[in-house]
Every structure is written in C-alpha cells, then in structure tokens.
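Engineer: For the sequence shown, the positions run 1 to 528 when UniProt numbering is used.
Built from N, CA and C at the ideal position, the CB exists for glycine as well.
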Amino acid sequence: MASHHRSAAMDRAELFRTVRQATLNHARLLYHRFAARLPHILAVTLLVAVAPLVPPSSSLAGAPRALRDWARANAGLAAAACAGLAAAAYAYAASRPRPVYLVDLSGYKPGPAHEATRAQSIRHFAVAGRFTDESIAFQTRMLERAGVGEATHFPASLLTVPVDMSLRAAREESEAVVFGAVDDLLAKTGVRAQDIGVVIVNSSLFSPTPSFTALVVNRYGLRHDVVTHNLSGMGCSAGIIAIDLAKHLLQVHPDTYALVVSTENITLNAYLGNHRPMLVTNTLFRMGGAAVLLSNRRADRRRAKYQLVHTVRTHRGASGRSYGCVTQEEDDGGNVGVSLSKELMSVAGEALRTNITTLGPLVLPLSEQLRFLGAVLLRRVLRADVKPYVPDFKLALEHFCIHAGGRGVLDELERSLGLSAWHMEPSRMTLHRFGNTSSSSLWYELAYCEAKGRIRKGDRVWQIAFGSGFKCNSAVWKALRTVDDAGETNPWAAEVDRLPVHVPKVAPIAFDDDHQAPSKEDDGHHAA
Numbered sequence: 001m002a003s004h005h006r007s008a009a010m011d012r013a014e015l016f017r018t019v020r021q022a023t024l025n026h027a028r029l030l031y032h033r034f035a036a037r038l039p040h041i042l043a044v045t046l047l048v049a050v051a052p053l054v055p056p057s058s059s060l061a062g063a064p065r066a067l068r069d070w071a072r073a074n075a076g077l078a079a080a081a082c083a084g085l086a087a088a089a090y091a092y093a094a095s096r097p098r099p100v101y102l103v104d105l106s107g108y109k110p111g112p113a114h115e116a117t118r119a120q121s122i123r124h125f126a127v128a129g130r131f132t133d134e135s136i137a138f139q140t141r142m143l144e145r146a147g148v149g150e151a152t153h154f155p156a157s158l159l160t161v162p163v164d165m166s167l168r169a170a171r172e173e174s175e176a177v178v179f180g181a182v183d184d185l186l187a188k189t190g191v192r193a194q195d196i197g198v199v200i201v202n203s204s205l206f207s208p209t210p211s212f213t214a215l216v217v218n219r220y221g222l223r224h225d226v227v228t229h230n231l232s233g234m235g236c237s238a239g240i241i242a243i244d245l246a247k248h249l250l251q252v253h254p255d256t257y258a259l260v261v262s263t264e265n266i267t268l269n270a271y272l273g274n275h276r277p278m279l280v281t282n283t284l285f286r287m288g289g290a291a292v293l294l295s296n297r298r299a300d301r302r303r304a305k306y307q308l309v310h311t312v313r314t315h316r317g318a319s320g321r322s323y324g325c326v327t328q329e330e331d332d333g334g335n336v337g338v339s340l341s342k343e344l345m346s347v348a349g350e351a352l353r354t355n356i357t358t359l360g361p362l363v364l365p366l367s368e369q370l371r372f373l374g375a376v377l378l379r380r381v382l383r384a385d386v387k388p389y390v391p392d393f394k395l396a397l398e399h400f401c402i403h404a405g406g407r408g409v410l411d412e413l414e415r416s417l418g419l420s421a422w423h424m425e426p427s428r429m430t431l432h433r434f435g436n437t438s439s440s441s442l443w444y445e446l447a448y449c450e451a452k453g454r455i456r457k458g459d460r461v462w463q464i465a466f467g468s469g470f471k472c473n474s475a476v477w478k479a480l481r482t483v484d485d486a487g488e489t490n491p492w493a494a495e496v497d498r499l500p501v502h503v504p505k506v507a508p509i510a511f512d513d514d515h516q517a518p519s520k521e522d523d524g525h526h527a528a
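#1: Taking only three categories from DSSP, how would you classify Gly467?
#2: Flag this pair as yes or no: are the beta carbons of Ala246 and Thr263 separated by less than 9 Å?
#3: Got a sec? Which residues, its chain only, sit under 6 Å from Pro228 by beta carbon, not counting five neighbours each side?
#4: Expressed to the nearest angstrom, what Euclidean distance is found between the alpha-carbon atoms of Pro500 and Arg380?
#5: Start and end of the alpha helix (DSSP H) containing Glu264?
#6: By the three-class DSSP mapping on this structure, what secondary structure does Ser204 have?
#7: Output yes or no for whether 9 Å exceeds the beta carbon distance between Asn335 and Phe125.
#8: Glu172 and Ile509 - do their beta-carbons sit closer together than 9 Å?
#9: Residues bridged to residue 532 by DSSP?
#10: Going by the beta-carbon positions, is the gap between Leu284 and Gly435 smaller than 9 Å?
#11: Within 10 angstroms of the Cβ of Trp422, are there 16 or more other Cβ atoms? Answer buried if so, exposed if not.
#12: Give the DSSP-derived three-state secondary structure of Pro250 in the structure shown.
#13: Skipping 5 residues on each side, what residues in its chain have a beta carbon closer than 6 Å to that of Val347?
#14: Given a cut-off of 9 Å on the beta-carbon distance, is the pair Gln139 and Phe131 in contact?
#15: Taking only three categories from DSSP, how would you classify Ser58?
#16: By alpha-carbon positions, which one of Ala451, Arg168, Ala270 and Ser420 ends up nearest to Val338?
#17: Just to confirm before moving on: does the CB-CB distance between Ala169 and Ala156 stay below 9 Å?
#18: Taking 8 Å as the cut-off, does the stretch 476-493 touch the stretch 299-308 (at least 3 CB pairs, one atom from each stretch)?
#19: Am I right that Leu364 and Ala396 are in contact with their C-beta atoms under 8 Å? What's the rounded C-beta distance?
#20: Determine the direct distance from the alpha carbon of Glu368 to that of His275, and round the result to whole angstroms.
#21: Going by C-alpha distance, which of Asp332, Ser341, Leu382 and Phe393 is nearest Pro361?
#22: Run through the DSSP bridge pairs and tell me what Ser196 is partnered with.
#23: Leaving out the 5 sequence neighbours to the left and right, which residues in its chain are closer than 7 Å to Asn265 when beta-carbon positions are compared?
#24: Tell me the DSSP bridge mates of Cys401?
#25: Count the other CB atoms within 10 Å of the CB of Lys342; is the residue buried (16 or more) or exposed (fewer)?
#26: The beta strand (DSSP E) that contains Glu329, what's its start and end?
#27: Nearest-angstrom Cα distance between Ala238 and Thr189?
#28: Kindly list the residues whose CB is nearer than 6 Å to the CB of Phe372, restricted to its own chain and excluding five residues on each side of it in sequence; keep chain order.
#29: Is DSSP giving Asn473 helix, strand or coil here?
#30: Which value, in whole angstroms, describes the spacing of the CA atoms of Leu268 and Leu167?
#31: Tell me where the beta strand (DSSP E) around Ala291 begins and ends.
#32: Looking at C-alpha atoms only, which residue of Phe400, Pro110, Glu115 and Leu431 is the closest neighbour of Cys449?
#33: Can a CB atom of chain B be found closer than 9 Å to the CB of Thr160?
#34: With distances taken from CA atoms, which of His403, Arg298, Leu279 and Ile241 is nearest Arg98?
#35: Output needed for Asp485: all residues of its chain with C-beta closer than 7 Å, excluding positions within five of it in sequence on either side, in chain order.
#36: Can you tell me whether DSSP reads Thr314 as helix, strand or coil?
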C-alpha cells in the first residue's frame, strides 16, 4: 500500500512538472508575441485615447487641420503623448533581440593518409595496444555493428607502431583540424580576422595551456579586445552550447562576428586497456572538426545561409544515474578512457523528452501540443493504458541533424520521433563516412544536406546533440536562401554523388588473410 501511494505521489509530481513546464513555455511564447506587437498596440491605444479629444470635422480633408489645432490647444497633452510613444518605441527597439545569422560553415576533411579501413583499424589495435584476444574480438563485434564505414580518419599519431600519445602529437592533431577548418571558413566568407569580435572553441577531453582560443587569436592575429571562451569537459553536445553562448554574446556586442570552432582530440583519448565499457569509444570516435561564422550585422542577412531561431538546453546532471552514464576514468591498470554505461540509451531518452517538452511549444502547431498534453493527462490522471505521445516534429521542421553518436542512438531517435530514412540520411552517412567526430558531427550533417541540394529558402533545420553530464541540446535554424553547396570545399564534394549507401545492421569485417579477427600475437606488418 505504501509503495502504491509513493508511486501515485511520484506520478502526480511528474504530471505537475510536465504541465508547469508546458504552461511556462506557452507564457514565454505569448510574451514574445506580445513584445513583437507592442508598437502597434501602443499606437492604437494612443489613437483611441486621443480621438475623443479631437473636435469632429465635417470632412476627412479637414482632419489634419483639426488635429493640428487640437495639438496647439492641448500642447502639454500632445507633447506627453508623443514622448510616451517615442519612449515606448525606443524601449521596444532596445529590448528586441539582435538576429543571429550563420554566414557559412566549414567541416575539416583529413587527407587520404589518415584514412583506415575497419580491418586495418582492428589489426592496428591488436599490434599497437595491450589488448587481450577477448578485447580484440569484442571491438571487432562492436565495429561490425557501429555503422562506421571503410574510410574514416585517424590522427597520424595513432597509425604508428607504437602509438604516439604524447602532448606534442595531440597538439599537432588539434592544430591541423582547427587551422584547416578556420582557414577554409575565412577564405569562403572573405571576412577579415580583425573583424571577429567573439571566439568560442569547444574540445571536451583535451584542454591545453595556452587555450585553444589563445591559439586561434595568436594564429590569425585577432584584435586585443576579442572576447574568447574555451569550453571543455562538456561532451558531444558542446557544439550547441557554444552556439547558444555565441547567441547571447552577440546580443551585447553589436555589429560583429563570432567564430565558433568545435573539435575533439583523438590522440590522447584512445583507450589501451581491457575494460569493456571503455572499449566502445575506440570503435566510434574519429578525427574531425568544424568552424562556423556567426554574425549580428543586419547587412549580412543578404548573404547568410541561416538565421538562428531557437536554442534549448537540457541538463539532467541532478540525477546520479544521468551524471554517471558517461565518465572519463582510469581502469584497474591505470589506463584512461571514457566509460559508457548500459543505461546510456535510457538516460538519453529521458533527456530528449525533457528537451522536446520545452522546444515543442516554440515550433509545433497547436494541434500537436494539445495531443501531447492530452496523452499526459490520460496516462497520469485517468490512469489510461495509452502510449506516451511523441509530437510529430515533421509538421514544423524539414531537416533533422542528429548527433552521429552511434547506430543505436540513431535507431532509437528514428523510432521515437517517427522519422523516415530520408530524414535520417545525413546522420547515418556522417557516421558511415566520418565516424563519431563528437560535437562537430552536426556540421558534417548540415554540410551533407547542402551538398545534396536539400536546403530550400524557408526550410527549418533541427540540430539535436547529446553529451556527458547528461545533456540534450537543440538548435533550430531557418534557411534564408536556397543552399546548393557541393563546391570543392564542402567535405562531401568528392563523394556526394555516390551517397547514400546501404548500411546493414551488421557488416562483417573481411580480413585479407583468413577472414578472422587478428590476435595480439599478430606481427607488425598487419598494422594500418
């Protein structure tokens, strides 16, 4: 009986939180709509208040003269009305958020020397690491089911025997990625480095001194008053966090550009031990990074690709289960790696539900919002045996860029959001071609949409990212023009015509000699 009462109390609390969040979201939306129409409301109010005081005129032609005569006779009242209207207009203009435009983006594509097939990577793990045969077999099975293709990229430091996990090698990897992405971005946009007022770099697991932002300032000779923020330890969702931070900074720094760079370092984060929860990352994470140029200059609207519409950040760190599902730690042998909990998918689902509860009222039609709230009431109040209702976001959004964290994550979001294979294609092809590049994967996915000529003026793009902590973050962009960018600087340019390809749920790895996974006794000539 006590257990039943506790369960009922928990259900009521969950219902209260859901309804309260929905109410707050609607209130926020109504406030923004009211603020957008404030000048019209004030103007109509002023006319209604003044009209009875103006003497009636026999014709419309005499109205201006009558109004002028009234203003002269009631100079104080007229001056107060004009001052009030001017003050309201100024307050409205000052409080209006500045638009944030995405001028262009660049995804870094390492050269052919960094590519390795799945068989080569497994052989290299066997030779370069201290893995048991069981660990090699486990990584082989994971890689066969990961959705990763045959030409993903590793840093040169991990393609040597022995592997070079030094600080120098890590810096070389990160500098190649960051400089490669930023060089291409500045060349495409034609923006001078001295015009950049904000720089944000996110790299979760590698945070050197001086920082990445200092590295960018030094390399490109940015001005002395540039605002810089270096984000670390925030996982694969840090790219959206960086965009959200840039959005807020662009509200207080007028007429400037913000450079956002998202990357992750692989050199120092390969795992060489035998603890299974920490082996999975070896099969997923690959070298990559992206740079994005944002602007709050109204003159840039004409050439910008997108305008930022919404950002929604969800942090479930108050829950111990959520906090501990992705952690960097040492195994019993002192090997450092990232451990993934078996509860990761469940935690990610909870974070997504919380996130879309906030995002839904901002983008969904009212009919979908009512269906969602009705399902909550049926389940929580009337105890009806109905499935939770997931709103149909396809009614409001045309393109979905879901963090390419792994096949399991993509399969679950495809099912839970009711998306088609076409909607999932950018994420699946990014995982297949580039692997999990952490926070930058969202930009490879958007670049894929552009290379395929999918983006039409007015389309809305939803970027969804998950990260340690545990966090689920969203960004919604609106295309300001039709974007058909399959140029040579697009990371997909060389192969977009051959994509998409079918990625089976299990893709056996064919080794050249005996078609068997190598053992730790294999010779060095098997290395990638």
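Structural biologist: The answer reads as follows:
#1: Numbered from 1 along the sequence shown, position 467 holds the residue referred to as residue 467. Three-state result, Gly467: strand.
#2: On the sequence shown, position 246 is the one that residue 246 refers to. On the sequence shown, position 263 is the one that residue 263 refers to. Taking 9 Å as the Cβ cut-off, Ala246 and Thr263 do not qualify as a contacting pair.
#3: Taking the sequence shown and counting its residues from 1, one reaches residue 228 at position 228. Per the sequence shown, residue 228 should be read as Thr rather than Pro. Only Val199 and Thr213 meet the Cβ criterion.
#4: Reading the sequence shown from its first residue, position 500 is the one you call residue 500. Reading the sequence shown from its first residue, position 380 is the one you call residue 380. Each residue's Cα considered, the two are about 43 Å apart.
#5: Taking the sequence shown and counting its residues from 1, the one referred to as residue 264 is at position 264. Where Glu264 is concerned, there is no enclosing alpha helix (DSSP H), given that its DSSP letter is neither H nor E.
#6: Here residue 204 refers to the residue found at position 204 when the sequence shown is read from its first residue. Correct three-state label for Ser204: coil.
#7: Indexing the sequence shown from 1 puts residue 335 at position 335. Indexing the sequence shown from 1 puts residue 125 at position 125. Result no, Cβ atoms of Asn335 and Phe125 do not sit closer than 9 Å.
#8: By one-based count along the sequence shown, residue 509 stands at place 509. By one-based count along the sequence shown, residue 172 stands at place 172. For Ile509 and Glu172, no; Cβs fall outside 9 Å.
#9: In the structure as shown, the chain begins at 1 and stops at 528. Residue 532 is therefore absent and cannot be evaluated.
#10: One-based indexing of the sequence shown puts residue 284 at position 284. One-based indexing of the sequence shown puts residue 435 at position 435. Yes, Cβ-Cβ distance for Leu284 and Gly435 is below 9 Å.
#11: Walking along the sequence shown from the start, residue 422 turns up at place 422. Exposed is the call here.
#12: Along the sequence shown, read from residue 1 onward, the residue named residue 250 stands at position 250. The identity of residue 250 in the sequence shown is Leu, whereas the question assumes Pro. Here Leu250 sits in helix by DSSP.
#13: On the sequence shown, residue 347 is found 347 positions in, with the first residue counted as 1. Counting only Cβ-Cβ distances below 6 Å, and skipping sequence neighbours, we find Ser322, Cys325 and Phe470.
#14: Here residue 139 refers to the residue found at position 139 when the sequence shown is read from its first residue. Here residue 131 refers to the residue found at position 131 when the sequence shown is read from its first residue. Yes. Within cutoff.
#15: As a position in the sequence shown, residue 58 is number 58, starting the count at 1. With a pLDDT of only 45 at Ser58, under the threshold of 50, the placement of this residue in the model should not be trusted, and no figure is reported.
#16: Translated into positions along the sequence shown, residue 338 becomes position 338. Measuring from the Cα of Val338, the nearest candidate turns out to be Ala270.
#17: By one-based count along the sequence shown, residue 169 stands at place 169. By one-based count along the sequence shown, residue 156 stands at place 156. The answer is yes: Cβ separation under 9 Å.
#18: yes
#19: Walking along the sequence shown from the start, residue 364 turns up at place 364. Walking along the sequence shown from the start, residue 396 turns up at place 396. Yes, Leu364 and Ala396 are in contact; Cβ-Cβ is about 5 Å, under 8 Å.
#20: Reading the sequence shown from its first residue, position 275 is the one you call residue 275. Reading the sequence shown from its first residue, position 368 is the one you call residue 368. Approximately 45 Å, taken between the alpha carbons.
#21: Your numbering for residue 361 matches position 361 in the sequence shown. The shortest C-alpha separation from Pro361 is found at Phe393.
#22: Translated into positions along the sequence shown, residue 196 becomes position 196. Residue 196 is actually Ile in this sequence, not Ser. Paired residues: Tyr257.
#23: One-based indexing of the sequence shown puts residue 265 at position 265. Correct list, in chain order: Ala170, Glu173, Ser174, Ser203, Leu205 and Phe206.
#24: Here residue 401 is taken as the residue at index 401 of the sequence shown, counted from 1. In DSSP, Cys401 forms a bridge with Gln463.
#25: Numbered from its first residue, the sequence shown carries residue 342 at position 342. Exposed is the call here.
#26: Position 329 of the sequence shown holds residue 329. Val326 to Glu330 is the span of the beta strand (DSSP E), which, as asked, contains Glu329.
#27: Looking up residue 238 in the sequence shown gives position 238. Looking up residue 189 in the sequence shown gives position 189. In a straight line, the C-alpha of Ala238 is about 24 Å away from that of Thr189.
#28: Counting from one through the sequence shown, the residue named residue 372 turns up at place 372. Within the same chain, Phe372 has close Cβ partners Tyr389 and Pro391.
#29: Residue mapping note: residue 473 aligns to position 473 of the sequence shown, counting from 1. Strand.
#30: Here residue 268 refers to the residue found at position 268 of the sequence shown. Here residue 167 refers to the residue found at position 167 of the sequence shown. In a straight line, the C-alpha of Leu268 is about 8 Å away from that of Leu167.
#31: The sequence position of residue 291 within the sequence shown is 291, counting from 1. Counting along the chain, the beta strand (DSSP E) containing Ala291 begins and ends at Gly289 to Ser295.
#32: As a working mapping, residue 449 is identified with position 449 in the sequence shown. Residue Phe400 is the option with its Cα nearest to Cys449.
#33: Included in the structure is just one protein chain, with no chain B present.
#34: Counted from its first residue, the sequence shown places residue 98 at position 98. If we check each option's Cα against that of Arg98, Arg298 comes out closest.
#35: One-based indexing of the sequence shown puts residue 485 at position 485. Excluding sequence neighbours, Asp485 sits near Glu450 and Ala451.
#36: Sequence index remark: in the sequence shown, residue 314 carries index 314 (1-based). Strand, per DSSP.
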